[in-house]
Amino acid sequence: MSYNYGMAKRKFEITEQQEQELVKEYLQAKNGPLRTRYQAIRMYGKGYSVQEIQALTGCSRTSLMEWRQLFLTQGVASLKDKRLGGNRAKLTLAQLEDLKTKLSQYTPGQLFGPQAATPDGQFWTVEDLHRAIQQWYGVSYRGRNSYTELLARCGFSYQRPAKVYKSRNQEKVAEFEELVEKKC
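So the sequence shown is numbered by the numbering used here: it starts at 1066 and just counts up by one.
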């Protein structure tokens, strides 16, 4: 079935086997942009016009033609995203190992004193990690998620710090807690 109403025949067509492979990969994919690539190539190979594909998938003509070329030369596997992410390249493997060691050796309180993100400075937070990486390696990441991923790679779990006001009076807090206990 062709959808090239009155147009010259397109040279790019997919076989039944290629279509089945694209459908299989589409159904298995969890990533939305990857599913779009599979669907767009399938539609293009079945004769849909570029305008129809753009309207249905939201992809650009340029992207569609790049995906078509990849599919022609390397097959279905070439449509998968192979990027590793820009933040990955900011620290070398040696720096990551050094960071892991330093995070285990020092607490934010030891490095930053009262300027640590938490009152006791015992646990690493995104803010403290940001300052440490900037200080040690001169590197800064764009998003908070990059820092949480770095914490995980270094063997730390991400915990949100408790909201504690540094200026609060501990004696008054203890008195208040006693008063609450007496009433209960």
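A virtual CB, placed ideally from N, CA and C, is assigned to each residue, including glycine.
| Looking at C-alpha atoms only, which residue of T1213, K1089, K1248, W1201 is the closest neighbour of A1142? | If you number the sequence shown from 1, residue 1142 lands on position 77. It is K1089.
| So, are the CB atoms of Y1091 and Y1103 less than 9 angstroms apart? | The sequence position of residue 1091 within the sequence shown is 26, counting from 1. The sequence position of residue 1103 within the sequence shown is 38, counting from 1. Taking 9 angstroms as the cut-off, the Cβ atoms of Y1091 and Y1103 count as close.
| field | C-beta contact flag for F1221 and L1161 at 9 angstroms | value | Translated into the one-based positions of the sequence shown, residue 1221 becomes position 156. Translated into the one-based positions of the sequence shown, residue 1161 becomes position 96. Contact: no.
| What separation, rounded to the nearest whole angstrom, lies between the Cα atoms of L1135 and N1210? | By one-based count along the sequence shown, residue 1135 stands at place 70. By one-based count along the sequence shown, residue 1210 stands at place 145. L1135 and N1210 have their alpha carbons spaced roughly 31 angstroms apart.
| Rounded C-alpha distance that separates F1177 from R1196 | Numbered from its first residue, the sequence shown carries residue 1177 at position 112. Numbered from its first residue, the sequence shown carries residue 1196 at position 131. Each residue's Cα considered, the two are about 9 angstroms apart.
| Helix or strand or just coil, what does DSSP make of D1193? | Counted from its first residue, the sequence shown places residue 1193 at position 128. Here D1193 sits in helix by DSSP.
| said: Between the alpha carbons of P1184 and L1158, how many angstroms are there, rounded? | reply: For this step, residue 1184 is matched to residue 119 along the sequence shown. For this step, residue 1158 is matched to residue 93 along the sequence shown. Straight-line Cα distance between these residues: approximately 32 angstroms.
| field | Same chain, Cβ closer than 8 angstroms to D1146, neighbours up to 5 away in sequence not counted | value | For the purposes of this step, residue 1146 is taken as residue 81 along the sequence shown, with counting starting at 1. Counting only Cβ-Cβ distances below 8 angstroms, and skipping sequence neighbours, we find N1096, P1098, L1099.
| field | Cα-Cα separation between K1237 and E1243, rounded to whole angstroms | value | Position 172 of the sequence shown, counted from the start, is the residue given in the question as residue 1237. Position 178 of the sequence shown, counted from the start, is the residue given in the question as residue 1243. For the pair K1237 and E1243, the Cα-to-Cα distance works out to about 10 angstroms.
| task | Identify the continuous alpha helix (DSSP H) that holds S1169 and give its terminal residues. | result | Looking up residue 1169 in the sequence shown gives position 104. Note, S1169: alpha helix (DSSP H), 1158–1170.
| Taking the C-alpha atoms as reference points, what is the distance between L1137 and Q1119? | Stepping through the sequence shown from its first residue, residue 1137 is reached at position 72. Stepping through the sequence shown from its first residue, residue 1119 is reached at position 54. Spanning the two alpha carbons is a distance of roughly 20 angstroms.
| field | Element boundaries [alpha helix (DSSP H), containing I1118] | value | Translated into positions along the sequence shown, residue 1118 becomes position 53. Where I1118 is concerned, the enclosing alpha helix (DSSP H) stretches over 1115–1122.
| query | How should A1171 be labelled, buried or exposed, when 16 other C-beta atoms within 10 angstroms of its C-beta is the threshold for buried? | reply | In the sequence shown, the residue the question calls residue 1171 occupies position 106. The amino acid at residue 1171 is misidentified as Ala; the sequence shows Tyr. Around the beta carbon of Y1171, fewer than 16 other beta carbons lie within 10 angstroms, which makes this residue exposed.
| task | Could you spell out the range, first to last residue, of the alpha helix (DSSP H) harbouring I1106? | result | Translated into positions along the sequence shown, residue 1106 becomes position 41. I1106: member of the alpha helix (DSSP H) spanning 1097–1110, first to last residue.
| field | For T1183, the three-state DSSP class (helix, strand or coil) | value | To locate residue 1183, count along the sequence shown from 1; it is residue 118. Note: T1183 maps to coil in three-state DSSP.
| field | Extent of the continuous alpha helix (DSSP H) to which E1214 belongs | value | Start at 1 with the first residue of the sequence shown, and residue 1214 comes out as number 149. Start and end: 1209–1218.
| said: So the candidates are G1110, P1173, W1201; which of them puts its Cα closest to the Cα of W1132? | reply: Your numbering for residue 1132 matches position 67 in the sequence shown. Looking at the Cα atoms, G1110 is the closest of the given residues.
| query | In whole angstroms, what is the alpha-carbon distance linking T1122 and Q1187? | reply | Mapped onto the sequence shown, residue 1122 falls at position 57. Mapped onto the sequence shown, residue 1187 falls at position 122. T1122 and Q1187 have their alpha carbons spaced roughly 49 angstroms apart.
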